[in-house]
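Protein sequence lines correspond, in order, to chains A and B. Okay, so the first sequence: first residue is 111 according to my numbering, each after it adds one. Okay, so the second sequence: first residue is 2 according to my numbering, each after it adds one. Backbone N, C-alpha and C define an ideal beta-carbon position, used for all residues, glycine too.
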Amino acid sequence: MTNDTNSPTISGFNRRTFITGAAGAAAAPFAARVAGAAGDPRVLPDASLPVDVTLHVNGADKPLTIDTRTTVLDALREHIGLSGSKKGCDHGQCGACTVLIEGRRVLSCLTLALAAQGQQITTIEGLAGGNGLHPMQQAFIDQDAFQCGYCTPGQIMSAVACVREGHANSDEDIREYMSGNICRCAAYPNIVAAVKQAAPAILSDQQKG
Amino acid sequence: MRPFAYQRATDAPSAIQALAAAATSNNALTEATVQPLAGGTTLIDLMKLDVMRPMTVVDINPLARAWSAINLDDGNLRLGALARMSDVAVNPEIQRSYPVIADALKLAASPQLRNMATLGGNVLQRTRCSYFRDVSYASCNKRSPGSGCAALEGFNRSHAVLGTSEQCIATYPGDFAQALIALDASVEITGKSGARTIPLSDLHKAPGNSPQIETTLAPGELISAFLVSGRWPRSVYLKARDRQSYEFALASAAIALDVQDGVVRDARVALGGVATVPWRARVPEALLKGERFDDSLAQRVAEAAFGDAKTRKHNAFKVALGKRVVARALHQAAAMEV
């Protein structure tokens, strides 16, 4: 990847301050301003300048200065220091990067950080919401649902959503709705067992919540 | 990935205004220097592969507030283009009145991708042709007009047998558009001068001599909604693929029937995985209308669906597979209790 080069500590001169001066009212319809008046292709925006963004991750605000190309996955891993979400294929095929955004499971490698502004992001680090383990994390340990562990954070985030979506009613259902998470160690039977183990606790929490 | 400027539209007019910058560049929409970003599952992927190279990305997700409703008023369906695939697939009314739509959405991609991808973006997804997706191949008329087509003599197992040309045999990879085209859906397009509505069958363009032009959308235009008249409770989407789940179709069929007293009053047949565009099979439909449904009719319809097929070295199996998919889907639709 070439888009992790901007340190979060860059300060003083950034795109927003630059544009506010340069483009003025022309870019007013847009929340994130860019160089060049919207609608005029002759004025090419300078896409090489970093931009300011605040991400809401696991309940905390994370102000960042990033390249526009930065995905949520790269923001988490390279800028915020949360390396639990994994980069497998980086093309939305393997599911290792799965996180919850506004409670929905999505692929952080295909989500631009700038597009996730204002939304609640939950990663494997914030899943349990405390020091203990989330029931799904405990179930993966109990059922030996991993070998190398690389896909596991994505599997667990996806599994929690799978249960909450109501798709953990049968082994077949679980396999279908966990198909977006690839495990090259092929721990699949144990992953199905883990999802089944954790489902009642998650559903009961959901009813209370 | 190449650098780009990010703009976030706050409403439809601001999105249209930003996208209109591309309208002056005289490029096909797919080559436009300004691209809309919805779910991002095609765009960000292809930008990482250096296949799509926009200089500006306009985030249209804030438009979802106005453009993501599912409405079934007066027996007609209106689907907002920014509705997410997963939300439409689980809608009980869609499942009841339009099973072909619910199934096409449910059988596509993965749960995460369906949570992200929008209906409008889904219909506009780009081909999975490996020669298109891999820029190290010099020959791809879709990516680089006039450069040739590496798939013609290459590994073309996944490629199309219907609607091809000597310039391009890339398969249209989606499922949902086949369900829509089978139901005679219309697409509402919003641009600078307001909204226009066209039949979905007029949206995609077969490759012909200009495979780089994939749709009739102009730069600066956005799909805002899909419209379907009437209800189609007797409808199915059947998808044959290399894996049971999370895979593109090798052959698929979207079937909708109106059967009264054992006689087919109306029939819709669309094919996926085998054609360069969402493929409406009108000749087979004509064979069905007014006839009593049985297996012999299903077989004749399936034969007719692939009458014009043109196969290549590795994809001839799609004709036999496609016929079986059509026949089985017809049986499934005819046997439905509605």
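* Asked: Alpha carbon to alpha carbon, what distance is there between A180(B) and A311(A)?
  -> 38 Å
* My guess is that L165(A) and L174(A) are in contact by the Cβ rule of under 8 Å, so how many angstroms apart are they, rounded? -> The C-beta distance from L165(A) to L174(A) rounds to 6 Å, short enough to fall under 8 Å.
* Determine, using beta-carbon pairs with one atom in the stretch 286-298 of chain B and one in the stretch 234-251 of chain B, whether at least three such pairs fall under 8 Å. => No contact exists between the stretch 286-298 of chain B and the stretch 234-251 of chain B.
* Asked: By how many angstroms is the C-alpha of T180(A) removed from the C-alpha of A21(B)?
  -> 25 Å
* Between the stretch 208-221 of chain A and the stretch 107-121 of chain B, do at least 3 Cβ pairs fall closer than 8 Å? -> By the Cβ rule, the stretch 208-221 of chain A counts as touching the stretch 107-121 of chain B, because three or more pairs are nearer than 8 Å.
* Output yes if chain B places a C-beta closer than 9 Å to the C-beta of C272(A); else output no. => yes
* With a cut-off of 9 Å, does the C-beta of Q245(B) fall near any C-beta of chain A? -> yes
* **Straight-line Cα distance separating L331(B) from V339(B)** => Here the C-alpha atom of V339(B) lies approximately 15 Å from the C-alpha atom of L331(B).
* Can you tell which of R54(B), P4(B), V52(B), A67(B) has its C-alpha closest to the C-alpha of A10(B)? -> A67(B)
* Length-filtered (4 minimum) alpha helix (DSSP H) runs lying within the stretch 31-91 of chain B -> 44-49, 65-68, 86-90
* **Contacts of A157(A) in chain B (Cβ-Cβ under 9 Å)** => R3, P4, F5, A6, Y7, M56, T57
* Look at the alpha carbon of A335(B) and the alpha carbon of R266(B), and state the distance between them as a whole number of angstroms. => 12 Å
* Asked: Is the beta carbon of I301(A) sitting closer than 9 Å to the one on Q253(A)?
  -> yes
* Asked: Is the shortest distance between the beta-carbon of Y260(A) and the beta-carbons of chain B less than 9 Å?
  -> No, its Cβ sits nowhere closer than 9 Å to a Cβ of chain B.
* Does the Cβ of D60(B) have 16 or more other Cβ atoms within 10 Å, making it buried, or fewer, making it exposed? -> buried
* Relative to chain A, which residues along the stretch 99-127 of chain B have a C-beta separation below 7 Å, given in chain order? -> S111, P112, Q113, L114, N116, M117
* To do: Quick one: which residues of the stretch 183-203 of chain A get their C-beta closer than 8 Å to a C-beta of chain B? List them in chain order.
  => D200, H201, G202
* Name the DSSP beta bridge partners of H205(B), please? -> T216(B)
* To do: Would you kindly work out how many angstroms separate the C-alpha atoms of I231(A) and C272(A), rounded to a whole number?
  => 17 Å
* Mind listing the chain B neighbours of Y287(A)? Cutoff is C-beta to C-beta under 8 Å, in chain order. => P112
* Would you say D281(A) reaches chain B, if we count a Cβ-Cβ gap shorter than 9 Å as a contact? -> no
* Rank R85(B), D259(B), T277(B), A16(B) by C-alpha distance to the C-alpha of L204(B) and give the top, closest one. => Its Cα nearest to that of L204(B), the residue T277(B) stands out among R85(B), D259(B), T277(B), A16(B).
* **Own chain, CB closer than 6 Å to A303(B), minus 5 neighbours either side, in chain order** => K324, V327, A328
* To do: Using a cut-off of 8 Å between C-beta atoms, extract the partners of D60(B) located in chain A.
  => Under the 8 Å cutoff, chain A gives L222, L224, A225.
* Asked: What residues of chain B sit near V216(A), judged by a beta carbon separation below 7 Å?
  -> Q113, N116, M117
* Helix, strand or coil: which one does DSSP assign to P14(B)? -> Correct three-state label for P14(B): helix.
* To do: Hey, could you find the ends of the beta strand (DSSP E) E189(B) is sitting in?
  => In the DSSP annotation of this structure, the continuous segment of the beta strand (DSSP E) that includes E189(B) starts and ends at 187-192.
* Any chain A beta carbon closer than 9 Å to S194(B) -> no
* Any chain A beta carbon closer than 9 Å to P37(B) -> no
* Starting from the C-beta of A183(B), find all residues in its chain whose C-beta is less than 6 Å away, skip the five residues before and the five after it, and write them out in chain order. => So the qualifying residues of the chain are A255, A257, R269, A271.
* What is the DSSP secondary structure of I266(A), counted as helix, strand or coil? -> helix
* To do: On a CA-only basis, which of V136(B), A13(B), A65(B), T165(B) is nearest G40(B)? Give me that one, please.
  => A65(B)
* **Through-space distance from Q126(B) to P174(B), alpha-carbon basis** => Each residue's alpha carbon lies about 8 Å from the other.
* Asked: So what does DSSP say about A303(A), is it helix, strand or coil?
  -> helix
* **Residue burial classification, Q247(A) (beta-carbon count within 10 angstroms, cutoff 16)** => Of the residues assessed, Q247(A) falls on the buried side of the cut-off, its CB having 16 or more other CB atoms within 10 angstroms.
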